[in-house]
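Quick note: the sequence shown uses the UniProt record's numbering, first residue 1, plus one each step.
These notes concern the structure reproduced below.
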Amino acid sequence: MLDWLDARADLLDQIAKRDGAARSATSLQHEIAEAKRQLVGLLQDTAIAASAGSLPLNGILATAEVRIRTEEANAQKRTELALDERKLKADVERKRGVVEGAEKERAAWNAQWKDALAALSLSAEGPIETIQEQIDAIDQMRETSVKIADLQHERIGKIERDIKAFATEVERLVASVSVQLAGEDADEAALKLHARLNASKQARDSLNEKSEAVENLQKKLDDCDRSRNDARVIMTGLQRAAGAGTIDALREAIQRSDQQRALKDERARLRDARSRW
Numbered sequence: 001m002l003d004w005l006d007a008r009a010d011l012l013d014q015i016a017k018r019d020g021a022a023r024s025a026t027s028l029q030h031e032i033a034e035a036k037r038q039l040v041g042l043l044q045d046t047a048i049a050a051s052a053g054s055l056p057l058n059g060i061l062a063t064a065e066v067r068i069r070t071e072e073a074n075a076q077k078r079t080e081l082a083l084d085e086r087k088l089k090a091d092v093e094r095k096r097g098v099v100e101g102a103e104k105e106r107a108a109w110n111a112q113w114k115d116a117l118a119a120l121s122l123s124a125e126g127p128i129e130t131i132q133e134q135i136d137a138i139d140q141m142r143e144t145s146v147k148i149a150d151l152q153h154e155r156i157g158k159i160e161r162d163i164k165a166f167a168t169e170v171e172r173l174v175a176s177v178s179v180q181l182a183g184e185d186a187d188e189a190a191l192k193l194h195a196r197l198n199a200s201k202q203a204r205d206s207l208n209e210k211s212e213a214v215e216n217l218q219k220k221l222d223d224c225d226r227s228r229n230d231a232r233v234i235m236t237g238l239q240r241a242a243g244a245g246t247i248d249a250l251r252e253a254i255q256r257s258d259q260q261r262a263l264k265d266e267r268a269r270l271r272d273a274r275s276r277w
């Protein structure tokens, strides 16, 4: 009897545990279904929502885990993109400031450029190449003007130094050559010295010409003497050959010789004419 009571108590306890387990299972099923519903709501996937009843919780959890990882990756990307966007915005703002500053500088430069062109009487509306050529031409003119001014200054200084040196040299020359010109202006003294020098040169040239004329005349006289001596020797030889004692006798002998030569020539001509007949 006691054993049966114990068995009955055990059975009732098992039934109670079964009922409790069934209630727990039902509650767990409700919790699982609620969890599925919440997960499906969070996933917002129509395909999973349509088959949520047949899908196990682990499958939905795995899908949710994948989705979470994807969302986390997307969130990380969004964070990185947001950071990049902030950096880009900051860089854009910085560059915008640089551009604005450059535009201000350009505007100021353009204003200065127009003022500079206006000062040069040039138009800012013309082609930049033409303006550049005109500016280059003006620069070359300025450089040339500076060089000319420097050259003029240098030459003026050199001329002044040369004038001083000339005056000193004239004073020294006057002191050593012509004391009468001492104290006179350097140019006047130089002109007078040149005049005296020219006069001296003319006198020297005249003397040289006369000396040369005398030398030429002496040469002619010497030539005449030599010719006369040669003629005398020839005449003496002719006198001896002709046996003439005097010059007159020699002339007569020469005339007779010329007459004889003429007669011989005439005779030869007559013979030649006769032979032709």
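Note that the Cβ used here is the ideal one computed from N, Cα and C, for glycine as well.
Going straight from the alpha carbon of V99 to that of A107, what length do you get?
For the purposes of this step, residue 99 is identified with residue 99 of the sequence shown, where counting begins at 1. For the purposes of this step, residue 107 is identified with residue 107 of the sequence shown, where counting begins at 1. Near 12 Å, if we compare the C-alpha coordinates of A107 and V99.
So what does DSSP say about T246, is it helix, strand or coil?
Along the sequence shown, read from residue 1 onward, the residue named residue 246 stands at position 246. If DSSP states are grouped into helix, strand and coil, T246 belongs with coil.
Apart from the five residues on each side of it in sequence, which residues of its chain come closer than 6 Å, Cβ to Cβ, to A75?
Position 75 of the sequence shown, counted from the start, is the residue given in the question as residue 75. Setting aside the 5 residues that flank it on each side, A75 has no residue in the same chain whose C-beta is closer than 6 Å to its C-beta.
Express the C-alpha separation of D225 and Q218 in angstroms, rounding to a whole number.
The count along the sequence shown starts at 1 and reaches residue 218 at position 218. The count along the sequence shown starts at 1 and reaches residue 225 at position 225. So the two alpha carbons sit approximately 10 Å from each other.
Please report the distance separating the alpha-carbon of D91 from that of K77.
Within the sequence shown, the letter at position 91 stands for residue 91. Within the sequence shown, the letter at position 77 stands for residue 77. Taking the straight line joining both Cα atoms gives about 20 Å.
On a Cα-Cα basis, can you pick out the residue from A116, R256, D150 and Q112 that is closest to I138?
In the sequence shown, the residue the question calls residue 138 occupies position 138. Taking only the C-alpha atoms, the option nearest I138 is A116.
How many Å lie between Q140 and K158 at the Cα?
Taking the first residue of the sequence shown as position 1, residue 140 is located at position 140. Taking the first residue of the sequence shown as position 1, residue 158 is located at position 158. The straight-line gap separating the alpha-carbon atoms of Q140 and K158 is approximately 26 Å.
Rounded to a whole number of angstroms, what is the C-alpha to C-alpha distance between K220 and A213?
Here the question's residue 220 lines up with position 220 in the sequence shown. Here the question's residue 213 lines up with position 213 in the sequence shown. Between the alpha carbons of K220 and A213 lies a gap of roughly 10 Å.
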